[in-house]
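With numbering that gives the first Met the number 0 applied, the sequence shown covers 0 to 124. Below is one structure, written out as structure tokens, with a few remarks after it.
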Amino acid sequence: MKYPFTNAGFMALQQQFHQLDDQSLSTEANLIQTNFGQWLFLHFELSPKQQSFFSQLAPSAVALYACETAFALENRLMVSLDKDEKDKDKDEQGKIIWSVSSLSARSGINSFEPSGTLTFYIRYT
Numbered sequence: 000m001k002y003p004f005t006n007a008g009f010m011a012l013q014q015q016f017h018q019l020d021d022q023s024l025s026t027e028a029n030l031i032q033t034n035f036g037q038w039l040f041l042h043f044e045l046s047p048k049q050q051s052f053f054s055q056l057a058p059s060a061v062a063l064y065a066c067e068t069a070f071a072l073e074n075r076l077m078v079s080l081d082k083d084e085k086d087k088d089k090d091e092q093g094k095i096i097w098s099v100s101s102l103s104a105r106s107g108i109n110s111f112e113p114s115g116t117l118t119f120y121i122r123y124t
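Shown next, in the form of structure tokens:
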């Protein structure tokens, strides 16, 4: 099932994933790390323009987004999307994506405490 590329879609997908057992969630996180674009295209309704835009993003940015998303998903932390809908028909050339994260982890011998949230912002200039 593909979800709309909206915050509601992000929430619905997370709700589905948060019901998985830890092993299955870890497998999904590995898929994100391996090929974030393919994972997005598999789970969200993206137009050809959106897919093309994603494929042109800087690889280092995509690597960061993949790492953050995988960590948040695997640890059942909140990921949200703050997308500028009013200008959705504008040229993709002016689109900017960035993430804001408060993700963190405290770890010691036999202890691990993940926390934080991840928000993706999409705006048009």
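Even for Gly, the Cβ is constructed at its ideal location relative to N, Cα and C. Because the structure is a prediction, the values reported are computed rather than measured.
Buried or exposed by the 16-neighbour rule on C-beta atoms within 10 Å, applied to residue i
{"i": "Phe111", "result": "exposed"}
{"i": "Trp97", "result": "exposed"}
{"i": "Thr26", "result": "exposed"}
{"i": "Ile95", "result": "exposed"}
{"i": "Ala69", "result": "buried"}
{"i": "Val99", "result": "exposed"}
{"i": "Ala104", "result": "exposed"}
Which residues DSSP lists as bridging residue i, in chain order
{"i": "Met77", "result": "Thr116"}
{"i": "Glu44", "result": "Pro3"}
{"i": "Trp97", "result": "Tyr120"}
Residue j beta carbon less than 8 Å from that of residue i
{"i": "Glu73", "j": "Ala28", "result": "yes"}
{"i": "Leu80", "j": "Leu102", "result": "no"}
- Could you tell me whether the region 8 to 15 touches the region 54 to 63, where touching means 3 or more Cβ pairs closer than 8 Å? no
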